[in-house]
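Chemist:
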Amino acid sequence: MSRHTTALRAATAVSAAVLAVGVLTACDPAEPAAAPSTAAASQAAPSAADPSPAGDAASAAASPSAKAGAATGPAVNGVPASAWMKGNDLPLNSAYHWPAQAGKAKAVKNGEPFAFETLCDSARSSDLAGLGTGADGAQSLLSGGTDEWQVQQTVVHFKGTSSGAVQSAGALLRALTAEVKACAPDGATPSVKVTAEDPAYLAATITLKQGSGGITVHEYLTTTSTTVAELTVYGPYGTKKPKAAWTVKDDTAVLRLLGAPLCDAFKNC
């Protein structure tokens, strides 16, 4: 069995066993957050003419009682609860009713792999080994259940407002972007389709075929000045199909909803 097969099965098995979606009352999706400031085009998530969230957005505004997936909870390793994408804004929320990510967040150390790095069996260049000393980082994992979609978000914030912090965030995003495009784990036949790209963000669909099965990865990366965030929606491994078909039509809308909370939380846009 290849190292890649083991990594994929472990990722799916662990997320399904440890994290189950909470039983939440269904509600209309929340109104999307405003697009980040475009004062510096290279440091903002993409804006879009249509402000509605991708895929699962309802045309009507959420009722005042809609609380599912709200950004509540304590800060984790310097990452405030308001920095996470709301559950209502995550892809496939209409099928899984994702809870708030802040309640699932855990601290991560600088240099720990992002979700796609584990799935692609890749590693960052040694040139980045000392990047972001003192950076804050946290990660949240939500599971749709066994043989269902998994959602993982990682936030890395470089402290301060200096040009060095901005450069560190930019360097990390460039390195991660290169890794996504080069995804080629042992024992699998990869296909990487970039669906949106800018110096400040990347969206891609990665398909890893192995034998009669495989795994699909929807990858989103963005930076807002001194902060880098990854959102990965993946699964399942093998030949089984999740109950929910992929419904996202506009990856730039997902990127906007990923970046906007970072601007509000860290005041760096």
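Numbered according to mature numbering (1 follows the signal peptide of the UniProt record, and there is no 0), the sequence shown spans residues -26 to -1, 1 to 243. In this text, a Cβ means the ideal position worked out from N, Cα and C, and glycines have one as well.
In the DSSP assignment, find the beta strand (DSSP E) that holds VAL125 and state where it starts and stops.
Modeler: As a working note, residue 125 is residue 151 in the sequence shown. That run of the beta strand (DSSP E) goes 124 to 131.
Chemist: Would you kindly work out how many angstroms separate the C-alpha atoms of GLY77 and GLY47, rounded to a whole number?
Modeler: For the purposes of this step, residue 77 is taken as residue 103 along the sequence shown, with counting starting at 1. For the purposes of this step, residue 47 is taken as residue 73 along the sequence shown, with counting starting at 1. Taking the straight line joining both Cα atoms gives about 6 Å.
Chemist: Report back the beta-carbon spacing between VAL166 and ILE180 to the nearest angstrom; my notes put them in contact at under 8 Å.
Modeler: Position 192 of the sequence shown, counting from 1, holds the residue named residue 166. Position 206 of the sequence shown, counting from 1, holds the residue named residue 180. Their Cβ separation, rounded to whole angstroms, is 5 Å, which keeps VAL166 and ILE180 in contact under 8 Å.
Chemist: Could you have a look at SER117 and say whether DSSP puts it in helix, strand or coil?
Modeler: As a working note, residue 117 is residue 143 in the sequence shown. Strand at SER117.
Chemist: What are the start and end residues of the beta strand (DSSP E) that includes ALA170?
Modeler: Sequence index remark: in the sequence shown, residue 170 carries index 196 (1-based). ALA170 -> beta strand (DSSP E) spans 163 to 172.
Chemist: Going by C-alpha to C-alpha distance, which of ALA49, VAL202 and ALA112 sits closest to LYS80?
Modeler: The count along the sequence shown starts at 1 and reaches residue 80 at position 106. With distances taken between Cα atoms, LYS80 lies closest to ALA112.
Chemist: Is it buried or exposed for ASP101, if we count other Cβ within 10 angstroms and need 16 for buried?
Modeler: Stepping through the sequence shown from its first residue, residue 101 is reached at position 127. Exposed.
Chemist: Terminal residues of the continuous alpha helix (DSSP H) containing GLY138?
Modeler: Sequence index remark: in the sequence shown, residue 138 carries index 164 (1-based). Note, GLY138: alpha helix (DSSP H), 137 to 155.
Chemist: Once the 5 residues before and after VAL202 are set aside, which same chain residues still bring their CB inside 6 Å of it?
Modeler: Counting from one through the sequence shown, the residue named residue 202 turns up at place 228. Cβ neighbours of VAL202 beyond the five flanking positions: VAL130, ALA143, LEU146 and LEU147.
Chemist: From which residue to which residue does the alpha helix (DSSP H) around GLY233 run?
Modeler: Looking up residue 233 in the sequence shown gives position 259. Residues 225 to 240.
Chemist: Is it true that the CB of THR206 sits closer than 8 Å to the CB of GLN141?
Modeler: Position 167 of the sequence shown, counted from the first residue, corresponds to residue 141. Position 232 of the sequence shown, counted from the first residue, corresponds to residue 206. No, the Cβ-Cβ distance between GLN141 and THR206 is not below 8 Å.
Chemist: Hey, ALA57 and ALA239 are a contact pair by Cβ (cut 8 Å); roughly how many whole angstroms apart?
Modeler: For the purposes of this step, residue 57 is taken as residue 83 along the sequence shown, with counting starting at 1. For the purposes of this step, residue 239 is taken as residue 265 along the sequence shown, with counting starting at 1. Yes, ALA57 and ALA239 are in contact; Cβ-Cβ is about 4 Å, under 8 Å.
Chemist: Measuring alpha carbon to alpha carbon, tell me which of TYR208, ALA89, LYS133 and PRO159 ends up nearest LYS241.
Modeler: For the purposes of this step, residue 241 is taken as the residue at position 267 of the sequence shown. Residue LYS133 is the option with its Cα nearest to LYS241.
Chemist: Could you tell me which residues DSSP puts in a beta bridge with THR198?
Modeler: Indexing the sequence shown from 1 puts residue 198 at position 224. Answer is THR201, bridged to THR198.
Chemist: Count the other C-beta atoms from every protein chain shown that fall within 10 angstroms of the C-beta of SER136, then say buried if there are 16 or more, exposed otherwise.
Modeler: Here residue 136 refers to the residue found at position 162 of the sequence shown. Its Cβ having fewer than 16 others within 10 Å, SER136 is exposed.
Chemist: Between the alpha carbons of PRO173 and ALA149, how many angstroms are there, rounded?
Modeler: Taking the first residue of the sequence shown as 1, we reach residue 173 at position 199. Taking the first residue of the sequence shown as 1, we reach residue 149 at position 175. Roughly 11 Å between the two C-alpha positions.
Chemist: For LYS183, is the classification buried or exposed, using 16 other Cβ atoms within 10 angstroms of its Cβ as the cut-off for buried?
Modeler: As a first step, residue 183 must be located in the sequence shown, where it is residue number 209. LYS183 comes out exposed.
Chemist: Below 8 Å on the Cβ atoms is my contact criterion, and I expect PRO124 with TYR70 to pass it. Report the Cβ-Cβ distance as a whole number of Å.
Modeler: For this step, residue 124 is matched to residue 150 along the sequence shown. For this step, residue 70 is matched to residue 96 along the sequence shown. What sits at residue 124 in the sequence shown is Gln, not Pro. Actually they are not in contact, since the Cβ atoms of GLN124 and TYR70 sit about 10 Å apart, beyond 8 Å.
Chemist: Since I believe ALA162 is in contact with LEU66 (beta carbons under 8 Å), could you give me their beta-carbon distance rounded to a whole number of angstroms?
Modeler: The sequence position of residue 66 within the sequence shown is 92, counting from 1. The sequence position of residue 162 within the sequence shown is 188, counting from 1. The Cβ separation is near 24 Å, so there is no contact.
Chemist: Classify GLY138: buried if its beta carbon has 16 or more other beta carbons within 10 angstroms, exposed otherwise.
Modeler: As a working mapping, residue 138 is identified with position 164 in the sequence shown. Burial call: exposed.
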